[in-house]
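Written out below as structure tokens is the structure these notes cover.
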Amino acid sequence: MNLVERYPKRNYTPSATPIEKLEHLSRALGGPDIYIKRDDLLGLTAGGNKTRKLEYLVADALEQGADTLITAGGVQSNHARLTLAAAVKEGLKCQLVLEETETHPYNDKASGNNLLYHLLGVEKVKTLQAGQDLTSAMAELNAELQKVGRKGYMIPVGGSNEIGSLGYAVCANEITRQAEQENLYFDHIVVPSGSGGTQVGLILGFSGSRHEHNILGINVSRSTELQEELISGLLERVCSYYDVAGKISENVIRCNGEYVGQGYAIPTEGMIEAVQLVAQTEGILLDPVYTGKAMAGLIDYVRTGQFKEGEKVLFVHTGGSPALYQYAETILSGLKR
Ligand SMILES: *Cc1c(COP(=O)(O)O)cnc(C)c1O
Numbered sequence: 001m002n003l004v005e006r007y008p009k010r011n012y013t014p015s016a017t018p019i020e021k022l023e024h025l026s027r028a029l030g031g032p033d034i035y036i037k038r039d040d041l042l043g044l045t046a047g048g049n050k051t052r053k054l055e056y057l058v059a060d061a062l063e064q065g066a067d068t069l070i071t072a073g074g075v076q077s078n079h080a081r082l083t084l085a086a087a088v089k090e091g092l093k094c095q096l097v098l099e100e101t102e103t104h105p106y107n108d109k110a111s112g113n114n115l116l117y118h119l120l121g122v123e124k125v126k127t128l129q130a131g132q133d134l135t136s137a138m139a140e141l142n143a144e145l146q147k148v149g150r151k152g153y154m155i156p157v158g159g160s161n162e163i164g165s166l167g168y169a170v171c172a173n174e175i176t177r178q179a180e181q182e183n184l185y186f187d188h189i190v191v192p193s194g195s196g197g198t199q200v201g202l203i204l205g206f207s208g209s210r211h212e213h214n215i216l217g218i219n220v221s222r223s224t225e226l227q228e229e230l231i232s233g234l235l236e237r238v239c240s241y242y243d244v245a246g247k248i249s250e251n252v253i254r255c256n257g258e259y260v261g262q263g264y265a266i267p268t269e270g271m272i273e274a275v276q277l278v279a280q281t282e283g284i285l286l287d288p289v290y291t292g293k294a295m296a297g298l299i300d301y302v303r304t305g306q307f308k309e310g311e312k313v314l315f316v317h318t319g320g321s322p323a324l325y326q327y328a329e330t331i332l333s334g335l336k337r
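Residue numbers for the sequence shown follow the UniProt record's numbering, beginning at 1 and rising by one.
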């Protein structure tokens with residue numbers, strides 16, 4: 001669908017990210033041919049999927065004359081890091097609202113993304129207890145800025161709204177072009193599914209193409225049912241915003257909640273195995289919260305015969321490796337040596 005040229009966009013990555021064939025991983029698993037879309041190589045600081053969303057969100061912020069980006073996420077949020085990195089690149093300020101959970105309290109001295117928030121020069125960090133309202137906390141920061149004559153721009157959790165999702169429609173177009181050039185057809189396209197903008201953008205971008213029905217979201221925090229509802233709701237909003245309502249059928253929405261484990265950002269054995277296997281067969285770093293769990297799902301689909309020999313599977317690597325360093329103990333203690 002060709003919406004993408006109609007909206008203002010910043011450019012944070014000089015060219016298309018590669019699609020690589022994972023020969024060694026495919027052989028190790030003994031099933032389908034596995035390919036990877038290297039969106040972990042997107043621009044900004046250790047870029048990942050939020051880089052594509054921010055190309056549209058920040059263009060909108062600049063059009064509105066904002067001087068400060070405000071966003072929210074977990075205490076180790078890749079989205080928060082990349083929003084801050086985009087602010088640095090554009091000469092804007094950035095303020096963050098971070099949500100603590102029982103398993104992940106805020107620690108100002110933590111490594112991973114927390115270290116990078118401070119290194120990149122975040123202007124303000126406000127922490128909230130789990131379950132408190134992130135959106136109204138952002139609105140409070142925005143109101144404080146307004147009082148002193150500044151102008152904030154609020155970006156929702158994960159950058160998953162009508163504007164941010166467009167970044168993944170662009171990615172779908174890019175994949176379609178690359179697949180045509182290499183004469184490839186992907187029977188399955190596997191993507192981590194969190195706040196949903198990535199999966200919804202892919203659905204939008206692939207609609208009407210040969211890959212339309214092949215997208216599988218592996219959930220990182222919710223059950224199958226709740227995630228499918230979330231995707232459906234966001235897809236509806238996105239479609240009406242871009243005036244394509246009714247053009248995309250609901251049966252392209254597929255999510256799987258079996259690989260979440262105990263909850264968001266809580267390690268699973270499958271995640272640790274996946275992170276280790278991909279590192280040791282391909283030299284590629286996954287992350288413990290999103291891509292590690294999504295790859296654990298892919299591996300299980302191969303082992304249970306749901307992805308078959310002779311098929312081609314594309315894994316969308318959405319980034320996130322900085323969080324690995326905050327999970328060093330877990331990863332090390334779970335490694336098979
Ligand atoms: C945010 C994030 C995701 C999830 O993307 P959504 O659009 O929120 O579903 C996946 N992988 C990484 C590394 C992320 O930071």
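Cβ coordinates follow ideal geometry from the N, Cα and C atoms, glycine included.
Please indicate yes or no: does the CB of residue i lie closer than 7 Å to some heavy atom of ligand 1?
i: residue 147; result: no
i: residue 31; result: no
i: residue 241; result: no
i: residue 259; result: no
i: residue 104; result: no
i: residue 37; result: no
i: residue 12; result: no
i: residue 322; result: no
i: residue 306; result: no
i: residue 290; result: yes
i: residue 161; result: no
i: residue 199; result: yes
i: residue 194; result: yes
Which stretch, first to last residue, makes up the alpha helix (DSSP H) that contains residue i?
i: residue 79; result: 78-90
i: residue 72; result: Here residue 72 belongs to no alpha helix (DSSP H); instead the beta strand (DSSP E) covers 68-74.
i: residue 50; result: 49-63
i: residue 193; result: From DSSP, residue 193 is part of no alpha helix (DSSP H) but of the beta strand (DSSP E) over 188-193.
i: residue 153; result: It is not in any alpha helix (DSSP H) - residue 153 instead sits in the beta strand (DSSP E) that spans 152-155.
i: residue 114; result: 112-119
i: residue 107; result: Where residue 107 is concerned, there is no enclosing alpha helix (DSSP H), given that its DSSP letter is neither H nor E.
i: residue 300; result: 291-303
i: residue 122; result: Residue 122 -> no alpha helix (DSSP H), and no H or E assigned at all.
i: residue 177; result: 162-182
i: residue 237; result: 224-241
Alpha carbon to alpha carbon, how far is residue i from residue j?
i: residue 251; j: residue 213; result: 8 Å
i: residue 46; j: residue 309; result: 34 Å
i: residue 327; j: residue 150; result: 38 Å
i: residue 143; j: residue 54; result: 22 Å
i: residue 396; j: residue 320; result: Past the edges of the chain, shown from 1 to 337, lies residue 396, and the structure says nothing about it.
i: residue 22; j: residue 284; result: 10 Å
i: residue 20; j: residue 125; result: 38 Å
i: residue 338; j: residue 216; result: Only positions 1 to 337 of the chain appear in the structure, and residue 338 is not among them; the question remains open.
i: residue 185; j: residue 50; result: 26 Å
What does a CB cutoff of less than 7 Å around residue i pick up in its chain, not counting 5 residues either side in sequence?
i: residue 1; result: Unreliable placement is indicated for residue 1, whose pLDDT of 48 sits below 50; the coordinate value is still reported in the next sentence. Result list for residue 1: 169, 204, 205, 207, 208 and 244, in chain order.
i: residue 196; result: 160, 230, 231 and 234
i: residue 295; result: 274, 278, 286 and 315
i: residue 106; result: 75, 98, 100 and 127
i: residue 34; result: 22, 25, 26, 313 and 315
Going by Cα to Cα distance, which pick from the options is closest to residue i?
i: residue 291; options: 259, 119 and 156; result: 259
i: residue 65; options: 146, 274 and 254; result: 146
i: residue 392; options: 62, 82 and 192; result: With the chain covering only 1 through 337, there is no way to say anything about residue 392.
i: residue 73; options: 174, 10, 37 and 194; result: 194
i: residue 314; options: 189, 249, 331 and 236; result: 189
i: residue 31; options: 141, 337, 303 and 330; result: 303
i: residue 270; options: 280, 253 and 299; result: 299
i: residue 80; options: 63, 48 and 67; result: 48
i: residue 13; options: 29, 36, 28 and 56; result: 56
For the beta strand (DSSP E) containing residue i, list its first residue and its last residue.
i: residue 20; result: 19-21
i: residue 312; result: 312-317
i: residue 99; result: 93-99
i: residue 198; result: Premise fails: residue 198 lies in the alpha helix (DSSP H), 197-206, not in any beta strand (DSSP E).
i: residue 219; result: 215-219
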